[in-house]
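J.: Residue numbers (full-length UniProt numbering), protein chains in the order written: chain A, 1 to 346; chain B, 1 to 346. In this text, a Cβ means the ideal position worked out from N, Cα and C, and glycines have one as well.
There are 2 protein chains.
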Amino acid sequence: MAKRSSRTTIHDIAGALGLNASTVSRALNDHPAVSRQTRELIQGKAREMDYQANHIAAALRKGRSDILGVIVPAVDRAFFASVIRGIEEEADREGFRVIVCQSYDSSERERTMVETLQRLQVDGILISSAKDGKNDLEFYRRIIASGQPIQFFDNVPQELDVPSVVINDQQGAYAATAHLIEQGYQRIAHLRGPQHQHIYRDRFRGYLDALRDAGRPTPPEYIVDIVSHFDSGKESFARLWSLHPRPDAIFSASDFSAAGGIKAAQSLGVRVPEDLAFIGFSNEPFTELITPSLSSVDQQTLTMGQRAARRAIDTIKQRNALDVSHERLVLSPKIILRASSLRNAK
Amino acid sequence: MAKRSSRTTIHDIAGALGLNASTVSRALNDHPAVSRQTRELIQGKAREMDYQANHIAAALRKGRSDILGVIVPAVDRAFFASVIRGIEEEADREGFRVIVCQSYDSSERERTMVETLQRLQVDGILISSAKDGKNDLEFYRRIIASGQPIQFFDNVPQELDVPSVVINDQQGAYAATAHLIEQGYQRIAHLRGPQHQHIYRDRFRGYLDALRDAGRPTPPEYIVDIVSHFDSGKESFARLWSLHPRPDAIFSASDFSAAGGIKAAQSLGVRVPEDLAFIGFSNEPFTELITPSLSSVDQQTLTMGQRAARRAIDTIKQRNALDVSHERLVLSPKIILRASSLRNAK
DNA sequence: TTGTAGGCGTTATCAT
DNA sequence: ATGATAACGCCTACAA
């Protein structure tokens, strides 16, 4: 091993000044019990010697790392990128760093990442669980029992009673459907996401409730199963358009499928929203770029990240105090109305 | 302080087994000089006692953390999200963790993040510099001189001779423009990004070169300055469409502006690509969702991340050996042809 | 093959 | 107000 270009340590500074390392440590941490003189002397010398505190050593000693670990399925999905942004903002404010890991929606990988983060001695872990249906509840229970601060958001393993921040999918779906009804649409179809995921079950339920509350029937053929993708929307449109009577509005559990549906409709000369209205879910960035722009349900991603981080940090700091945040925080989504569902828009 | 729910350490295991901590350490690290028997005994006990290695302690001792720090302007831009994914993939393969920080395009914040990462003792730093034009070259030079492995990607501070991975913007712009020429378009305009950023200067140059090589003139009024945004594209279209003769194709340095231009064109009944063709830059995810789908220049983001990480890791591992990676790696972009620029598409 | 001892850089607890 | 000392958990010469 070549000699590491060894950084200056508090001992180096102490040596150069004929002082003790502990004094230097105190001075650098603005400890009150150090004279103004020596503090300034030390801080000056530190700058001069280009001193960089060794966070690792401090973490080892203090038993905390001031790091938050975040696990999401993938950072390149707009939803998670935005939640992470929220987490970062809040963490920053509190002097925490953030490590981001991706599970690629594999529960096994997710568990590996949890262990990795623990080895790194992160102070808290924030997780949006992998959606492969293979979550190991025992694994999570053990973590929680161990006292390790952990905070879920977005997707929470089922039947697990854990602190979490989620949005009310059902409410969002209800609002979206009710909006279509208000606009005067009569036959409202639903592109339904995979029902083994509860977020999609909730969206389906919101759709049903809104129709029921409006006294509308729900012809089963108006409910089409999709996966959240563009092509899925194209196919679904074809299927729905072959029905009699045809639907005149579609609430899609996915923006991507809605966009696919719009494109397929337009290629047949169907006018959106005059002949067929669309509203999606997630408020993906592209929704305002397509023609017509796509109405959607915003999931308050920034807020979700901020809240999740704040709760995690609170838990970390109050390890011994009242444990305030073992509840589930439910955020209200917000429907964003755009051209694809507005009859009177010019 | 309440007693930390103290994790089990190698000493605990050693105690439980009547062995020495160093033996436990060796066994856990598969050191060859430990008998099969004791190794298995120890590893079994470790599992039983739910032992989690303390990465922090090991990092302090070994002087390495196996962590890579990444600084980007913002994780919620598709470009960076994808590069990060590439970095993660490669890092993962090599047993490195990744910490992601955001500069929000503030050079000052970027410097703060660099210092934070150094305090965390990351083994290497990857940066896409903030684009506010306030990069402190001296700051970077000091880091490089200090021997800290650092690797730039995408946006590199000017006049700084550092290891970096970039794409060839000029080449991409050239190819995009040449494609429009090939398709038979005669009067090709350019939505030009802010010229204080070299990526936009390069794109402009590529555009000019392609026209020159094809023997085409370049009427100055066909060059319109934009910022990379939707509305900017709308305005630019209006400006261009008022000219005589009107352009029949537009190469935009930004996908967003191209999308804005398309929307504005369509609202006037202009047909795309028959009356006016468009090609953008960046291959943003939404490009295939809008109507017509938008041709664009793909920036090989995943590859960029992988290469940058690989080079950083190589540097880290070869601290003493031949320093292979102080060069600039230039990736070739790839033009993606879609309906917005294809005359014969159905 | 295993044990001993020292140290990575910092902070907390004594004592002075 | 400052100094001395020990300890955080791990790794690695070196010794046995």
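Looking at Q102 (chain A) and H55 (chain B), is the spacing between their C-beta atoms short of 8 Å?
T.: Counting from 1 along the second sequence, the entry for residue 55 (chain B) is found at position 55. Counting from 1 along the first sequence, the entry for residue 102 (chain A) is found at position 102. No, they are not a contact pair.
J.: Mind reading off the beta-carbon distance from S282 (chain B) to Q299 (chain B)? Whole number of angstroms is fine, and I expect it under 8 Å.
T.: For the purposes of this step, residue 282 (chain B) is taken as residue 282 along the second sequence, with counting starting at 1. For the purposes of this step, residue 299 (chain B) is taken as residue 299 along the second sequence, with counting starting at 1. Indeed they touch by this definition, with Cβ atoms about 6 Å apart.
J.: Tell me which residues share the same chain as F152 (chain B) and place their Cβ nearer than 6 Å to its Cβ, disregarding the 5 neighbours each side in the sequence.
T.: For the purposes of this step, residue 152 (chain B) is taken as the residue at position 152 of the second sequence. Within the same chain, I127, V162 and S164 come within 6 Å of F152 (chain B) by CB-CB distance, once the 5 residues on both sides are set aside.
J.: Taking the DSSP output, what are the residues bridged to G69 (chain A)?
T.: Residue mapping note: residue 69 (chain A) aligns to position 69 of the first sequence, counting from 1. Its beta-bridge partners are A:I99 and A:I125.
J.: Consider the Cβ of P73 (chain A): report whether some Cβ of chain B lies at a distance smaller than 8 Å.
T.: Residue 73 (chain A) sits at position 73 when you count from the first residue of the first sequence. So, not an interface residue.
J.: Quick one: Cα of E90 (chain A) to Cα of I99 (chain B), how far?
T.: Residue mapping note: residue 90 (chain A) aligns to position 90 of the first sequence, counting from 1. Residue mapping note: residue 99 (chain B) aligns to position 99 of the second sequence, counting from 1. Using only the alpha carbons, I get a separation of about 16 Å.
J.: Determine the DSSP secondary structure at F278 (chain B), reduced to helix, strand or coil.
T.: For this step, residue 278 (chain B) is matched to residue 278 along the second sequence. Strand.
J.: Answer with buried or exposed for R4 (chain A), where buried requires no fewer than 16 other C-beta atoms within 10 angstroms of its C-beta.
T.: Translated into the one-based positions of the first sequence, residue 4 (chain A) becomes position 4. Confidence in R4 (chain A) is poor, its pLDDT being 40 and thus under 50, which makes the residue's placement too unreliable to answer from.
J.: For T291 (chain A), would you say it is in contact with chain B, using Cβ-to-Cβ distances shorter than 8 Å as the test?
T.: On the first sequence, position 291 is the one that residue 291 (chain A) refers to. At least one chain B Cβ lies under 8 Å of T291 (chain A).
J.: For the stretch 230-249 of chain B, which residues have a CB atom closer than 9 Å to at least one CB atom of chain A, in sequence order?
T.: Result list: F230.
J.: Exposed or buried, A210 (chain A), counting other C-beta atoms within 10 Å across all chains shown (16 or more means buried)?
T.: By one-based count along the first sequence, residue 210 (chain A) stands at place 210. Buried is the call here.
J.: Quick check on the DSSP output: the alpha helix (DSSP H) that includes R328 (chain A) runs from which residue to which?
T.: Locating residue 328 (chain A) in the first sequence gives position 328, counting from the first residue. Boundaries around R328 (chain A) are those of the beta strand (DSSP E), R328 to L331, since no alpha helix (DSSP H) includes it.
J.: In chain order, which continuous runs of the alpha helix (DSSP H) of length 4 or greater are located wholly inside the UniProt domain "HTH lacI-type" (8-62) of chain B?
T.: 10-17, 21-28, 36-48 and 55-62
J.: Apply the 10 Å Cβ neighbour rule to K62 (chain A) and answer buried if 16 or more other Cβ atoms are within range, or exposed otherwise.
T.: For the purposes of this step, residue 62 (chain A) is taken as the residue at position 62 of the first sequence. Per the 10 Å Cβ criterion, exposed.
J.: Determine the chain B residues that contact residue 363 (chain A) at a beta-carbon separation under 8 Å, and present them in chain order.
T.: The structure shown has nothing for residue 363 (chain A), since chain A only spans 1 to 346.
J.: Determine, using beta carbons only, whether F204 (chain A) comes closer than 8 Å to chain B.
T.: The residue given as residue 204 (chain A) occupies position 204 in the first sequence. By this cut-off, F204 (chain A) is not an interface position.
J.: Since I believe S242 (chain B) is in contact with L191 (chain B) (beta carbons under 8 Å), could you give me their beta-carbon distance rounded to a whole number of angstroms?
T.: Taking the first residue of the second sequence as 1, we reach residue 191 (chain B) at position 191. Taking the first residue of the second sequence as 1, we reach residue 242 (chain B) at position 242. With a Cβ gap of about 15 Å, L191 (chain B) and S242 (chain B) do not count as contacting.
J.: Mark V227 (chain A) as exposed unless 16 or more other C-beta atoms lie within 10 angstroms of its C-beta, in which case mark it buried.
T.: Counting from one through the first sequence, the residue named residue 227 (chain A) turns up at place 227. It is exposed - the Cβ of V227 (chain A) has fewer than 16 other Cβ atoms within 10 Å.
J.: Let me check one thing: in DSSP terms, what residues is D225 (chain A) bridge-paired to?
T.: As a first step, residue 225 (chain A) is located in the first sequence; it is residue number 225 there, counting from the start. Beta-bridge pairing links D225 (chain A) to A:R192.
J.: Could you check how far apart the C-beta atoms of A175 (chain B) and I335 (chain B) are, in whole angstroms? I think they sit under 8 Å.
T.: On the second sequence, residue 175 (chain B) is found 175 positions in, with the first residue counted as 1. On the second sequence, residue 335 (chain B) is found 335 positions in, with the first residue counted as 1. At roughly 5 Å, the Cβ-Cβ gap stays under 8 Å, so A175 (chain B) and I335 (chain B) are in contact.
J.: State yes or no: is the C-beta of G206 (chain A) within less than 8 Å of the C-beta of D169 (chain A)?
T.: For the purposes of this step, residue 206 (chain A) is taken as residue 206 along the first sequence, with counting starting at 1. For the purposes of this step, residue 169 (chain A) is taken as residue 169 along the first sequence, with counting starting at 1. A contact, by the Cβ cut-off of 8 Å.
J.: In three-state terms, what does DSSP make of D105 (chain B)?
T.: Working through the second sequence from its first residue, we reach residue 105 (chain B) at position 105. The answer is coil: DSSP assigns D105 (chain B) none of H, G, I, E or B.
J.: From G69 (chain A) to Y222 (chain A), what does the alpha carbon distance come to, in whole angstroms?
T.: As a first step, residue 69 (chain A) must be located in the first sequence, where it is residue number 69. As a first step, residue 222 (chain A) must be located in the first sequence, where it is residue number 222. Taking the straight line from one Cα to the other gives about 43 Å.
J.: Of all the CB atoms in chain A, is at least one closer than 8 Å to the CB of T218 (chain B)?
T.: Here the question's residue 218 (chain B) lines up with position 218 in the second sequence. No, its Cβ sits nowhere closer than 8 Å to a Cβ of chain A.
J.: For chain A, check one thing: does any of its Cβ atoms lie closer than 8 Å to the Cβ of Q266 (chain B)?
T.: Residue 266 (chain B) sits at position 266 when you count from the first residue of the second sequence. Closer than 8 Å to some Cβ of chain A, the Cβ of Q266 (chain B) qualifies, so yes.
J.: Can you list, in chain order, the residues of its chain with a C-beta nearer than 6 Å to that of R93 (chain A)? Leave out the 5 residues immediately preceding and following it.
T.: Numbered from 1 along the first sequence, position 93 holds the residue referred to as residue 93 (chain A). Contacts found: none.
J.: Quick one: measure Cβ to Cβ for residue 430 (chain B) and A258 (chain B), integer angstroms, because I've assumed they're closer than 8 Å.
T.: The requested residue 430 (chain B) does not occur in the structure, where chain B is confined to residues 1 to 346.
J.: The alpha helix (DSSP H) spanning K131 (chain B) covers which residue range?
T.: Numbered from its first residue, the second sequence carries residue 131 (chain B) at position 131. No alpha helix (DSSP H) contains K131 (chain B), which DSSP labels as neither H nor E.
J.: Applying the 10 Å Cβ sphere with the 16-neighbour rule, what's the burial state of E274 (chain B)?
T.: By 1-based counting over the second sequence, the position of residue 274 (chain B) is 274. By the 10 Å Cβ count, E274 (chain B) comes out exposed.
J.: Would you identify the three-state DSSP class for N320 (chain B), choosing helix, strand or coil?
T.: Locating residue 320 (chain B) in the second sequence gives position 320, where the first residue counts as 1. The predicted model places N320 (chain B) with a pLDDT of 43, which falls under 50 and marks its position as unreliable; any figure quoted below should be read in that light. Note: N320 (chain B) maps to coil in three-state DSSP.
J.: Straight-line CA distance for A264 (chain A) to K134 (chain A)?
T.: As a position in the first sequence, residue 264 (chain A) is number 264, starting the count at 1. As a position in the first sequence, residue 134 (chain A) is number 134, starting the count at 1. Distance between the alpha carbons of A264 (chain A) and K134 (chain A): 35 Å.
J.: Note down the Cα distance separating E48 (chain B) from T303 (chain A), rounded to an integer number of angstroms.
T.: By one-based count along the second sequence, residue 48 (chain B) stands at place 48. By one-based count along the first sequence, residue 303 (chain A) stands at place 303. Going from the Cα of E48 (chain B) to the Cα of T303 (chain A) covers about 40 Å.
J.: Could you check what DSSP says for D298 (chain B) in three-state terms: helix, strand or coil?
T.: Locating residue 298 (chain B) in the second sequence gives position 298, counting from the first residue. If DSSP states are grouped into helix, strand and coil, D298 (chain B) belongs with the strands.
J.: Is S293 (chain B) helix, strand or coil by DSSP?
T.: The sequence position of residue 293 (chain B) within the second sequence is 293, counting from 1. DSSP places S293 (chain B) in coil when its eight states are reduced to three.
J.: Let me see if you follow: with CB-CB separation under 8 Å, is R119 (chain B) close to chain A or not?
T.: Counted from its first residue, the second sequence places residue 119 (chain B) at position 119. Interface residue, yes.
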